[in-house]
Amino acid sequence: FLCVVVGDAHSGKTSLLNRYVTSNFVEEYHFTIGVDFVCKNAQIGSQAMALQLWDAAGQERFRLLAVEFFRGADAFVVVYDSTDRETFRNVSFWLSQVKVHGSPNAIVVLVATKCDLASRKVVDAEEGSFFFFFVGSPDGGQKAGAQLQP
7 FLCVVVGDAH
17 SGKTSLLNRY
27 VTSNFVEEYH
37 FTIGVDFVCK
47 NAQIGSQAMA
57 LQLWDAAGQE
67 RFRLLAVEFF
77 RGADAFVVVY
87 DSTDRETFRN
97 VSFWLSQVKV
107 HGSPNAIVVL
117 VATKCDLASR
127 KVVDAEEGSF
137 FFFFVGSPDG
147 GQKAGAQLQP
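Using this note's numbering, you'd call the opening residue of the sequence shown number 7 and step up by one each time.
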């Protein structure tokens with residue numbers, strides 16, 4: 007099962023994946039060039055699945071390269087930083103890229119990161135839920151591991 011994680015640079019995509027796969031939170035920021043990937047075995051309902059999780063670069067100069075990896079994806083996680091309104095504004099850009107370059111049958115999920123930084127939050131769950139497409143809450147805080155289940 008191939009899942010591509012997309013969103014602006016600094017939105018928390020890599021931290022989200024690291025927290026999900028390793029249960030660790032890494033403070034340092036390292037930008038992604040092109041696409042990085044990790045694998046994880048997961049239990050989805052009664053079915054064991056091998057997940058391929060691709061972390062697509064969010065920096066503008068790498069975006070054209072990143073969309074080349076959209077073909078064949080079973081799912082997309084569109085990520086925005088709840089403390090940065092610009093990343094939320096750009097959700098529509100990422101959704102359009104998924105629509106153009108991804109499979110029409112792909113699952114699309116919207117995830118807000120950095121929700122544990124409540125005093126700095128500029129996009130609340132109610133506003134984020136406007137874009138909400140699929141199961142569960144769009145809010146997640148990687149540092150505390152909030153709503154992040156292996």
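Backbone N, C-alpha and C define an ideal beta-carbon position, used for all residues, glycine too.
Its Cα nearest to that of residue 101, the residue 76 stands out among 30, 91, 122 and 76.
Taking C-beta atoms as the reference points, residue 43 and residue 14 fail to come closer than 8 angstroms. When secondary structure is reduced to three states using DSSP, residue 22 falls in the helix class.
For residue 123, DSSP assigns no beta-bridge partner whatsoever. If you draw a 10 Å sphere on the C-beta of residue 78, you find fewer than 16 other C-beta atoms in it, and that means exposed.
Looking only at 119, 56, 124 and 27, the smallest Cα-Cα distance to residue 87 is reached by 119. Ranked by Cα distance from residue 123, the first of 113, 90 and 8 is 90.
Between residue 26 and the set 57, 127, 93 and 107, the nearest pair of CA atoms involves 57. In the DSSP assignment, residue 11 falls within the unbroken beta strand (DSSP E) covering 8-13. Distance between residue 80 and residue 115, taken at the CA atoms: about 11 angstroms. A Cβ-Cβ distance of about 5 angstroms is found for the pair residue 19 and residue 85, placing them in contact under the 8 angstroms criterion. Secondary structure note for residue 80: it is in no beta strand (DSSP E), with a DSSP letter that is neither H nor E.
Taking residue 49 as reference, the option from 7, 125, 23 and 97 with the minimal CA-CA separation is 7.
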